[in-house]
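Here is the structure we will look at, set down as structure tokens.
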Amino acid sequence: MENKILVLGLLILSVVLVLGCTGTPNQENNVQMANPASVYCEQHNGTLEIRTDATGGQVGYCKFAGGSECEEWAYYRGNCTPGVVTPGIATSTKSDISIENFAFNPSVTTVRTGTTVIWTNYDNSQHKIVSDDGLFESGYMSHGETFIYTFTDAGTYNYHCGIHPSMTGKVIAEGESTAIGSGSTPLGTG
Ligand SMILES: [Cu+2]
């Protein structure tokens, strides 16, 4: 008789334990609360991109129309600003120059100010883009490597290959300056 009560008791106990476990599911909070920096980024026409860093932490980056980006909190605090602002320009602001057969193609490129020029080395030989006036320098570019430079001010920019002096090219930038300087209009007021 005592044994039966004991068995019954154990049964009840185990049922209670099982119910106890399944009755309180581990509720995961999947609701992502937008943080102020993320909201700030999107209010200023940025595109938020969440990346996972080396330690597995998540870092938000705010990407801008000009192709530049800021870590979202740095942007929120004003420690980082978009690199290039191209107000009112909706069409392409990129221009490609290929390096092929020891020549820049096209050798003369005319762009609007604010255009990012992308050089790509299609040769197996290394090349090195060097601005004649020292404004920019690519370093050694191996096959398939690219170098980019954004021309924010109007002007004629001659450049050459730092390895092969016979290779020359020219970028002519036309239009108003798109450089961010002191006294420029504040970003994202609309
Ligand atoms: Cu070269």
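My numbering puts the sequence shown at residues 10 to 199. No residue lacks a Cβ here, since even glycine has one placed at the ideal position from N, Cα and C. Note that the coordinates shown come from a computational prediction; the quantities given were computed from them, not determined experimentally.
Simplified DSSP state of residue i, which is helix, strand or coil
{"i": "S140", "result": "strand"}
{"i": "E185", "result": "coil"}
{"i": "Y70", "result": "strand"}
{"i": "T61", "result": "strand"}
{"i": "G178", "result": "strand"}
{"i": "T90", "result": "coil"}
{"i": "T161", "result": "coil"}
Sheet register partners of residue i (DSSP bridge)
{"i": "W128", "result": "I106, F156"}
Own chain residues within Cβ distance below 7 Å of residue i, not counting five before or after
{"i": "C50", "result": "L57, C71, E81, Y84"}
{"i": "Y149", "result": "Q135, K137"}
Closest residue to residue i among the options (Cα-Cα distance)
{"i": "G164", "options": "E183, Q67, P91", "result": "E183"}
{"i": "N44", "options": "N54, I172, V68, G153", "result": "V68"}
{"i": "T122", "options": "M150, Y166, N130, N133", "result": "Y166"}
{"i": "Y158", "options": "P174, S116, T102", "result": "T102"}
{"i": "Y131", "options": "P115, R86, E154", "result": "E154"}
{"i": "T129", "options": "G143, S47, S147", "result": "S147"}
{"i": "I138", "options": "S186, P115, D162, G178", "result": "G178"}
{"i": "D162", "options": "T124, A74, V48, H169", "result": "T124"}
{"i": "G53", "options": "S186, G65, F73", "result": "Contrary to the premise, residue 53 reads as His rather than Gly in this sequence. Looking at the Cα atoms, F73 is the closest of the given residues."}
{"i": "H169", "options": "S186, I189, E185, A112", "result": "A112"}
{"i": "A46", "options": "C79, G66, T64", "result": "C79"}
{"i": "H173", "options": "T64, G65, E109", "result": "E109"}
Close Cβ partners of residue i (< 8 Å) along its chain, the five nearest in sequence each way excluded
{"i": "V120", "result": "S104, V126, F160, V180, I181, A182, E183"}
{"i": "D62", "result": "V68"}
{"i": "N133", "result": "H152"}
N-terminal and C-terminal residue of the beta strand (DSSP E) that residue i is part of
{"i": "Y168", "result": "164-170"}
{"i": "P114", "result": "With the sequence shown as reference, residue 114 is identified as Asn, and Pro is not the correct amino acid for it. Run containing N114: 112-114, per the beta strand (DSSP E) assignment."}
{"i": "T118", "result": "117-121"}
Boundaries (first-last residue) of the alpha helix (DSSP H) holding residue i
{"i": "Y49", "result": "45-52"}
{"i": "E81", "result": "81-85"}
Residues near residue i in its chain [Cβ-Cβ closer than 6 Å; skip 5 each side]
{"i": "F145", "result": "Y158"}
{"i": "L151", "result": "Reading the sequence as shown, one finds Ser at residue 151 and not Leu. Taken in chain order, the residues that qualify are Q135."}
{"i": "G171", "result": "K137, V139"}
{"i": "V117", "result": "K179"}
{"i": "I59", "result": "Q67, G69"}
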